[in-house]
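Novice: My questions all concern the structure below.
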Amino acid sequence: MARYLHTMYPITDPERSRTFYEALGFTFAGDFDIVRNGELEATNYFFSIGDQESVLELTYNQDGRTYDLGTGYGHIAIGVDDLDTTLARQREQGIEPEREPYSVHEGGSRLTFVCASGPGLVASSAWSLGAW
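Per our numbering, the very first residue in the sequence shown carries number 812; after that it's consecutive.
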């Protein structure tokens with residue numbers, strides 16, 4: 812069974828972004844640093860709305876990158892019971908993950924990203940699939 816987890820948008824100004832989403836009615840739920848090879852790569856800020864917990868993830872990449880309107884890479888996160896079986900079904904449809912499943916931190920959930928693009932789609936989409 813698949814479950815909606817959250818939607819992610821990249822940001823360039825955490826404080827301004829937090830103020831914006833809180834003005835829309837979201838509440839700050841917490842943050843999570845992503846460290847790779849001993850270096851702080853990004854910080855994820857999670858927001859809830861109503862009784863829906865952590866449904867918005869704002870990602871601040873620590874490398875100072877900027878985005879033009881419409882160029883920020885985001886995703887919709889879906890939790891699945893069996894990541895390997897889900898990926899096998901997608902491969903049968905010709906859909907390959909961007910990379911093999913991995914964990915952001917030791918003992919964390921396994922996840923990967925798959926993209927949907929092509930004829931009939933207005934925009935490319937990315938889904939983060941993970942066994943939660």
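Ideal placement from N, C-alpha and C gives every residue a C-beta, glycine not left out.
Taking the Cβ atom as the reference point for each residue, do THR870 and THR854 lie within a distance shorter than 9 angstroms?
Specialist: In contact: THR870 and THR854 (Cβ atoms closer than 9 angstroms).
Novice: Which residues in the same chain have their Cβ closer than 8 angstroms to the Cβ of GLU864, if we skip the five residues on either side of it in sequence?
Specialist: Answer for GLU864: ALA840, listed in chain order.
Novice: Under 6 angstroms Cβ to Cβ from GLU909, same chain only, skipping five residues before and after it: list those, please.
Specialist: PHE924.
Novice: Just curious, the beta strand (DSSP E) that PRO825 is in, first and last residue?
Specialist: Note, PRO825: premise wrong, no beta strand (DSSP E); alpha helix (DSSP H) at 825-834.
Novice: Given a threshold of 16 other Cβ atoms within 10 Å of its Cβ, counted over all protein chains shown, does PHE857 qualify as buried or as exposed?
Specialist: The residue is buried, with at least 16 neighbouring Cβ atoms inside 10 Å.
Novice: With a threshold of 16 other CB atoms inside 10 Å of the CB of TYR815, please say whether the residue is buried or exposed.
Specialist: TYR815 comes out exposed.
Novice: When DSSP builds the beta bridges, which residues end up paired with ASN872?
Specialist: DSSP, once it has assigned bridges, lists ALA853 as partnering ASN872.
Novice: Looking at C-alpha atoms only, which residue of PHE831, ASP874, PHE837 is the closest neighbour of LEU851?
Specialist: Cα-wise, what sits closest to LEU851 is ASP874.
Novice: Rounded to a whole number of angstroms, what is the C-alpha to C-alpha distance between ALA813 and ASP844?
Specialist: Spanning the two alpha carbons is a distance of roughly 26 angstroms.
Novice: Rounded to the nearest angstrom, what separates ASP862 and PHE837 at their Cα positions?
Specialist: Cα-Cα distance, rounded: 10 angstroms.
Novice: Just grab the DSSP bridge partners of MET819 for me.
Specialist: Looking at the DSSP assignment, MET819 forms a beta bridge with GLU868, HIS886.
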